[in-house]
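Novice:
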Amino acid sequence: MELWDIYDACFQKTGKLHERGKQLKEGEYHLVVHIFPINQQKQILVQKRSDTVEWFPGCWAVTGGSALNGEDAWQACQRELKEELGIQIQKEDAQLFAILKRHDSFNAVWVIRSEVSEKDLKLQKEEVAQAKWIEMDNIKKMMTQGSFHKYQYFDWLMDYIGGITWK
Numbered sequence: 084m085e086l087w088d089i090y091d092a093c094f095q096k097t098g099k100l101h102e103r104g105k106q107l108k109e110g111e112y113h114l115v116v117h118i119f120p121i122n123q124q125k126q127i128l129v130q131k132r133s134d135t136v137e138w139f140p141g142c143w144a145v146t147g148g149s150a151l152n153g154e155d156a157w158q159a160c161q162r163e164l165k166e167e168l169g170i171q172i173q174k175e176d177a178q179l180f181a182i183l184k185r186h187d188s189f190n191a192v193w194v195i196r197s198e199v200s201e202k203d204l205k206l207q208k209e210e211v212a213q214a215k216w217i218e219m220d221n222i223k224k225m226m227t228q229g230s231f232h233k234y235q236y237f238d239w240l241m242d243y244i245g246g247i248t249w250k
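The working numbering runs 83 ahead of the 1-based position in the sequence shown.
(1) Where Gln106 and Glu198 are concerned, what is the direct C-alpha to C-alpha distance, given to the nearest angstrom?
(2) Sort Tyr112, Lys125, Trp87, Arg132 by Cα distance to Val211 and report the nearest one.
(3) If you reduce the DSSP assignment to three classes, tell me which class Phe189 lands in.
(4) Starting from Ile89, trace the beta strand (DSSP E) in both directions and tell me its first and last residue.
(5) Would a C-beta distance cut-off of 7 Å place His117 and Ser188 closer than the cut-off?
(6) Quickly, what does DSSP pair His101 with across the bridge? List them, please.
(7) Could you tell me whether the segment 85–92 touches the segment 143–153, using the rule of 3 or more Cβ pairs below 8 Å?
(8) Rounding to the nearest angstrom, what Cα-Cα distance links Glu167 and Lys215 in this structure?
(9) Where do the N-terminal and C-terminal ends of the beta strand (DSSP E) with Trp157 fall, by residue?
(10) So the candidates are Trp143, Glu175, Glu209, Val145; which of them puts its Cα closest to the Cα of Trp157?
(11) Is Gly148 helix, strand or coil by DSSP?
(12) Can you tell me whether Lys208 is helix, strand or coil according to DSSP?
(13) Could you have a look at Leu215 and say whether DSSP puts it in helix, strand or coil?
(14) Can you have a look at Asn190 and say buried or exposed, based on whether 16 or more other CB atoms are within 10 angstroms of its CB?
(15) Nearest to Ile170 by alpha carbon, out of Thr135, Leu128, Glu111, Glu137?
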């Protein structure tokens, strides 16, 4: 059983827990992470979701998922990357792009610097069918064609990635 912390509309933990798969009540939110690994060529590491997953099966998307009880956005980012792709990251390779409020979640959007080779990935077969590095323009085309999940903030994020510098 997977448990999530419940947040209020001001992104404050309420002290209540929610069981995955059940409907959240009006005014309750949970924390979700979206993770955009980028390399020096400013390509993004994307994944094709398994045909057996509940959310957008068989669709291309970025790594992400819900934070578990007790996790903050950074811890959830680390765990999801490790679970789904086998990537371990450090804070100096991460930048929090935004936290967006949606109808029942707060989405923490991360940009992660990585040069991992596709052959070195360890895919979580239950959730990830395939992963590859892809150019931002090709992702936009895939979104238009409906084969890539449409992130409403994608254009804003692309502007941010275009100007990103790492210390």
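Cβ coordinates follow ideal geometry from the N, Cα and C atoms, glycine included.
Specialist: The answer reads as follows:
(1) 39 Å
(2) Arg132
(3) strand
(4) 86–90
(5) no
(6) Trp87
(7) yes
(8) Going from the Cα of Glu167 to the Cα of Lys215 covers about 13 Å.
(9) No beta strand (DSSP E) contains Trp157, which is instead part of the alpha helix (DSSP H) from 156–168.
(10) Closest by alpha carbon: Glu175.
(11) Reduced to three states, the DSSP call for Gly148 is strand.
(12) coil
(13) The sequence given here has Lys at residue 215, not Leu. Strand.
(14) buried
(15) Comparing Cα-Cα distances from Ile170 to each of Thr135, Leu128, Glu111, Glu137, the minimum goes to Leu128.
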